[in-house]
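S.K.: Sharing a structure with you now.
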Amino acid sequence: MFTSASTLLLSAVVLSSGYILWTKIRIWSAASKADCSSPVKYRHLDPFYGLDLFIRKIKHTQAGNLLALDEEIFAKYGKTFGNEPTNRKPCGPLLGDGAFTVDGALWKRSRDIINPIFSRSQVSQLSSLKTHFQRFIEHIPTNGSTIDIQPLTKMLFLDSSTEFIFGKSAGSLSPSELTIGARQFSEAFDDGLRGMRKNYMTGQFSWLIGTDKKWLEKCAEIHTIVDGYIEEEIEHQKHIKELGLSSSDTSEPSAYKYVLLRELVKKHSDDKLYIRNELMNVFFAARDSVGTVTASMLFLLARYPKVWQKLRKEVAGIVPLQELTFEFLKSLKYVQAVIEETLRLVHPVDRSWKTCLSSCVLPRGGGKSGRDPILLQPGDQIELIYGCMHKDKDIWGEDASEFVPERMLGLKHSWQYIPFMGGRRTCPGQQNAYTDMAFFLVKLAQEFKTIENRDDCLEYVEEYVMTKQSANGVKIAFTRN
Ligand code: HEM
676 MFTSASTLLL SAVVLSSGYI LWTKIRIWSA ASKADCSSPV KYRHLDPFYG LDLFIRKIKH
736 TQAGNLLALD EEIFAKYGKT FGNEPTNRKP CGPLLGDGAF TVDGALWKRS RDIINPIFSR
796 SQVSQLSSLK THFQRFIEHI PTNGSTIDIQ PLTKMLFLDS STEFIFGKSA GSLSPSELTI
856 GARQFSEAFD DGLRGMRKNY MTGQFSWLIG TDKKWLEKCA EIHTIVDGYI EEEIEHQKHI
916 KELGLSSSDT SEPSAYKYVL LRELVKKHSD DKLYIRNELM NVFFAARDSV GTVTASMLFL
976 LARYPKVWQK LRKEVAGIVP LQELTFEFLK SLKYVQAVIE ETLRLVHPVD RSWKTCLSSC
1036 VLPRGGGKSG RDPILLQPGD QIELIYGCMH KDKDIWGEDA SEFVPERMLG LKHSWQYIPF
1096 MGGRRTCPGQ QNAYTDMAFF LVKLAQEFKT IENRDDCLEY VEEYVMTKQS ANGVKIAFTR
1156 N
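Under the working numbering, the first residue of the sequence shown is numbered 676, with each subsequent residue one higher.
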């Protein structure tokens, strides 16, 4: 009895060791065939869980300079290394399966559906932004006193994104219109994001903390609110059909011609969970991204008055009756350069995590020099930190950390500049974001002669919720024309 059990155990050990050895040989042989080297490894004090790096990351995040730690590591170890969790696990309970969280066929289905809605909306959205911008301007003091503009730009783009996604604005810039439901949704979503951020931060150690029941309850609360919006839209469309009308015949509550919720309900009213997941994924990506980038743009413009004056010169050339269309805004070269340069210096996310799905070779990152190819195997995880790449002196020159929009004029972008990522997974909201930010800049430049910095701290101190924002806010003052 004892002998047969030990024979069984021995065979299991021999077989699994054989399998591990065989896998290693296979990978090693594929790597040497493709001329690949291993990436240089971080020298952990804790070789098992890498807790030392984890603790350093937390400390730097709290001090508002996480990118500085990344830059230090890149300088020491070269420019490619990784190992971070992917999106589905940390985001799943809140966002469900949608464009941001899934791969493969599910992801393709999602992008096939949302891409056309995004491209149609780009040319029709500015009338709605105009109304929100008007409310935004009313909050700016006319006597040159200091204002923290960051919360306001976040509210502006929260109002316009909720209108594009759900068909009704969050109304945060006009408290009289702010419904209890909209406020409850906004506050619950903030809590939802905090929980997701915690999941990302704890990553492989999440089992130490266990299930966050309060967070799961928050996710359920958010889902109930969104399900209510979906039901309402389904009923609305049913009603229109019964009356034999088309949606353009009815008075829609939103100024947007294309509203994501409405378009999704038109085609998928039988799959409410799918609609909710899609809405959650897009809302998560849109929520604070444009608002925080716009605040960062003002942070930089207040510190570089010559850039503001040059931008105003371009805007002054716009004839009075010119409509600010998608195409026209795209033609304003300096305005576009200011947006691109802002995204290079202060990105709302800074990084992205990818997991290898099938064996592939990365052209750089291996060996001591970091210039050899690396072979990746399914399951390998990569962290791309474009926040560092966008400030890399090897790419951008010695003045890489300066705000110089001129460098963007006439520059053809490649994989060295990817604020919206690239390839098939590129951000579907990219053109919408550019258009909104260009519209915002033009309107602001028509309104104000100067933007003055009113913060003693000239540095950008990072603060992360899910997107990155300035920990000190953006304290500035405007002078009107
Ligand atoms: C300045 C503003 C924005 C920036 C810098 C930005 C950047 C990005 C980046 C870098 C990704 C890729 C993330 C990754 O692969 O890990 C992404 C994905 C995405 N973005 Fe944006 N984004 C912005 C605004 C928006 C807006 C306004 C929307 C929607 C209205 C949006 C919707 C999405 C969606 C749905 C994805 C997931 C795409 C996929 O994985 O297929 N984004 N964005």
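In this text, a Cβ means the ideal position worked out from N, Cα and C, and glycines have one as well.
Three or more beta-carbon pairs under 8 angstroms between the region 964-978 and the region 819-828, yes or no?
M.R.: Touching, per the Cβ criterion.
S.K.: Measuring only from the beta carbon, is M876 closer than 7 angstroms to any heavy atom that is part of the ligand HEM?
M.R.: Flag unset: Cβ of M876 not near the ligand HEM.
S.K.: Measuring from the CB of G1104, is there a heavy atom of the ligand HEM at a distance below 7 angstroms?
M.R.: Indeed, a heavy atom of the ligand HEM lies less than 7 angstroms from the Cβ.
S.K.: Out of curiosity, what's the CA-to-CA distance linking S1145 and G725?
M.R.: If I take the Cα positions, the gap works out to 29 angstroms.
S.K.: Between N1156 and the rest of its own chain, which residues show a CB-CB distance below 6 angstroms, the 5 nearest in sequence each way excluded?
M.R.: If we look at N1156 and ignore the five residues flanking it on each side, its Cβ neighbours are K1124.
S.K.: Between which residues of its own chain and A977 is the CB-CB distance below 7 angstroms, once the five residues before and five after are set aside?
M.R.: The answer, listed in chain order, is I1126, E1127, N1128 and I1151.
S.K.: List the whole-angstrom C-beta distance separating P1053 from S1027, where the pair is believed to meet the contact cut-off of C-beta under 8 angstroms.
M.R.: Not a contact, Cβ separation roughly 19 angstroms.
S.K.: Have a look at the DSSP bridge pairing and note the partners of A1152.
M.R.: Answer is E1127, bridged to A1152.
S.K.: Could you tell me the alpha carbon to alpha carbon distance between D1069 and K716, rounded to whole angstroms?
M.R.: Using only the alpha carbons, I get a separation of about 22 angstroms.
S.K.: So, for W1090: in the same chain, excluding its five sequence neighbours on each side, which residues have a beta-carbon less than 8 angstroms away from its beta-carbon?
M.R.: G1097.
S.K.: Comparing alpha-carbon positions, which option in S1044, N1107, R987 and I789 lies nearest F1095?
M.R.: The residue with the shortest Cα to Cα distance from F1095 is N1107.
S.K.: Provide the residue(s) that pair with K1143 in DSSP beta bridges, ordered along the chain.
M.R.: Paired residues: Y1139.
S.K.: Apart from the five residues just before and just after A1120, which ones in its own chain have a Cβ nearer than 7 angstroms to its Cβ?
M.R.: Hits under 7 angstroms: L986, R987 and V990.
S.K.: I1049 bridges to which residues according to DSSP?
M.R.: Answer is L1037, bridged to I1049.
S.K.: Taking only three categories from DSSP, how would you classify L827?
M.R.: Note: L827 maps to helix in three-state DSSP.
S.K.: Inspect the CB distances between the region 1072-1090 and the region 993-1007 and report whether three or more fall short of 8 angstroms.
M.R.: These segments do not touch.
S.K.: To the nearest angstrom, how far is it from the Cα of Q1011 to the Cα of Y1109?
M.R.: Q1011 and Y1109: Cα-Cα distance of roughly 8 angstroms.
S.K.: For the structure I just gave you, are there three or more beta carbon pairs, one from the region 768-776 and one from the region 952-959, closer than 8 angstroms?
M.R.: Touching, yes.
S.K.: If you drop the 5 nearest sequence neighbours on each side, which residues of the same chain put their C-beta closer than 8 angstroms to that of Y1139?
M.R.: Answer for Y1139: T736, L741 and R872, listed in chain order.
S.K.: Per DSSP, which one or two residues make a beta bridge with L696?
M.R.: Note: L696 sits in no beta bridge, so no partner.
S.K.: Determine the extent of the alpha helix (DSSP H) in which R1082 is found, giving its start and end residues.
M.R.: Neither: R1082 is in no alpha helix (DSSP H) and is coded neither H nor E.
S.K.: Is A782 near the ligand HEM, going by C-beta to nearest heavy atom under 7 angstroms?
M.R.: What sits at residue 782 in the sequence shown is Trp, not Ala. Within the cutoff, so yes.
S.K.: Please go through the same chain and pick out, in chain order, the residues whose beta-carbon is closer than 7 angstroms to the beta-carbon of G757, but skip the five residues on each side of it.
M.R.: Any reading at G757 needs caution, since the residue's pLDDT is 34, under 50, leaving its predicted position unreliable; the model's value is listed next. Contacts found: Q1056, I1057 and E1058.
S.K.: Of the choices L1051, L1084 and Y933, whose alpha-carbon is the least far from that of S1006?
M.R.: When only C-alpha atoms are compared, the closest one is L1084.
S.K.: Please list, in chain order, all residues of the same chain as K1118 whose beta carbon is under 6 angstroms from its beta carbon, the five residues on each side excluded.
M.R.: F808.
S.K.: How is Q1056 classed by DSSP in three states: helix, strand or coil?
M.R.: Looking at Q1056 - three-state DSSP - the assignment turns out to be strand.
S.K.: Is M955 near the ligand HEM, in the sense that its beta carbon is under 7 angstroms from a heavy atom of that ligand?
M.R.: Checking every heavy atom of the ligand HEM against the Cβ of M955, none is found closer than 7 angstroms.
S.K.: Go to W1090, then tell me how far its beta strand (DSSP E) extends in each direction, as first and last residue.
M.R.: Segment: none, W1090 is in no beta strand (DSSP E) and carries neither H nor E.
S.K.: Within 10 angstroms of the Cβ of A780, are there 16 or more other Cβ atoms? Answer buried if so, exposed if not.
M.R.: The residue in question, A780, is exposed, as its Cβ has fewer than 16 Cβ neighbours within 10 Å.
S.K.: How big is the Cα-Cα spacing for F1114 and D865?
M.R.: Those two C-alpha atoms are separated by around 27 angstroms.
S.K.: Contact check, S713 vs G1041 under 8 angstroms by CB: the rounded distance?
M.R.: Yes, S713 and G1041 are in contact; Cβ-Cβ is about 6 angstroms, under 8 angstroms.
S.K.: Go ahead and label A750 buried or exposed: buried means 16 or more other beta carbons lie within 10 angstroms of its beta carbon, across all protein chains shown.
M.R.: Looking at its Cβ environment, which holds fewer than 16 other Cβ atoms inside 10 Å, A750 is exposed.
S.K.: Inspect the CB distances between the region 875-890 and the region 905-921 and report whether three or more fall short of 8 angstroms.
M.R.: Judged by Cβ distances under 8 angstroms, the region 875-890 makes no contact with the region 905-921, as fewer than three pairs qualify.
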